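Residue numbers (my numbering): 361 to 544.
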């Protein structure tokens, strides 16, 4: 098997559970590539996961005063390795990379199995440009299904905006007509 990021050949390691359960425990990453992704530690904002804090960060305090409760969960720090991963996955269309975090996402999403997952859509233009919805790919690779409830108005890509522009942007998503929203 080859590492999906660097192409290095990896040795397959069989475990008793993988043989017994016919489950593939093999990682898609070599140890070198895997070590470049940093998991978020214990010290973080409880609302947005910003690292290095043990209390609510200034951004979340601001949004709370505005009447918006932030509840975001992150697994990894957005470091250089993650930037390169998302650049290859989203912008270069490297769809096979959806498998890189499949097992990690599967474990995390199991915590929310009583909920219906709703994938944030791409605009029709962006979907045509990229060829796939990157979030749908990640969710499906993790073994979960999702509800197709939202549509998106076309606007300038978030990745081309700076932080203050992203924060000032009105949400471009709306519920599709004739769709029933699940309770959870």
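For glycine and all other residues, C-beta sits at the position ideal for the given N, C-alpha and C.
Remember, it's a predicted structure, so these values are computed and weren't measured experimentally.
Problem set entry | Among 445, 468 and 502, the one whose alpha carbon lies nearest that of residue 457 | For residue 457, the nearest C-alpha among the options comes from 445.
Exercise. Is residue 533 near residue 512, with beta carbons less than 8 angstroms apart?
Worked result: Yes, Cβ-Cβ distance for residue 533 and residue 512 is below 8 angstroms.
For this session: Taking 8 angstroms as the cut-off, decide whether the C-beta atoms of residue 366 and residue 388 are in contact.
Result: No; because the gap between Cβ atoms is not below 8 angstroms, this pair is not in contact.
Problem set entry | Residues near residue 515 by beta carbon distance below 6 angstroms, same chain, minus five either side | For residue 515, where only same-chain residues beyond five positions count, the Cβ hits under 6 angstroms are 532.
For this session: Return the chain-ordered list of same chain residues with a C-beta closer than 7 angstroms to the C-beta of residue 465, the five sequence neighbours on each side being excluded.
Result: Answer for residue 465: 498 and 502, listed in chain order.
Exercise. How long is the line joining the alpha carbons of residue 518 and residue 509, rounded to whole angstroms?
Worked result: Going by the C-alpha atoms only, they are around 21 angstroms apart.
Exercise. Any idea what DSSP makes of residue 399, helix, strand or coil?
Worked result: Correct three-state label for residue 399: strand.
For this session: Write down the C-beta distance between residue 440 and residue 544 rounded to the nearest angstrom, noting that I regard them as a contact closer than 8 angstroms.
Result: About 36 angstroms separates the two Cβ atoms, so there is no contact after all.
Exercise. Under three-state DSSP, which class holds residue 507?
Worked result: In this structure, residue 507 counts as strand in the three-state DSSP scheme.
Exercise. According to DSSP, is residue 455 helix, strand or coil?
Worked result: In this structure, residue 455 counts as helix in the three-state DSSP scheme.
Problem set entry | Endpoints, the beta strand (DSSP E) within which residue 460 is located | No beta strand (DSSP E) holds residue 460; DSSP gives it neither H nor E.
Problem set entry | One or two residues paired with residue 415 in a DSSP bridge | None, per the DSSP bridge assignment.
Problem set entry | Residue from 422, 402, 421 and 423 with nearest C-alpha to residue 413 | Of 422, 402, 421 and 423, the smallest CA-CA separation from residue 413 is found for 402.
For this session: Report yes if the C-beta distance between residue 397 and residue 442 is below 8 angstroms; otherwise report no.
Result: Result yes, Cβ atoms of residue 397 and residue 442 sit closer than 8 angstroms.
Exercise. Buried or exposed: where does residue 460 fall if 16 or more other Cβ atoms within 10 Å of its Cβ makes it buried?
Worked result: Classification of residue 460: buried, given that the 10 Å Cβ count is 16 or more.
Exercise. Just to confirm, are residue 479 and residue 496 a CB contact at a threshold of 8 angstroms?
Worked result: Contact annotation: residue 479 and residue 496 have beta-carbon atoms nearer than 8 angstroms.
Exercise. Quick one: what does DSSP say residue 479 is sitting in, helix, strand or coil?
Worked result: Correct three-state label for residue 479: coil.
For this session: Within 10 angstroms of the Cβ of residue 420, are there 16 or more other Cβ atoms? Answer buried if so, exposed if not.
Result: Under a 10 Å Cβ-count criterion, residue 420 is classified as buried, with 16 or more other Cβ atoms of the shown protein chains found around its own Cβ.
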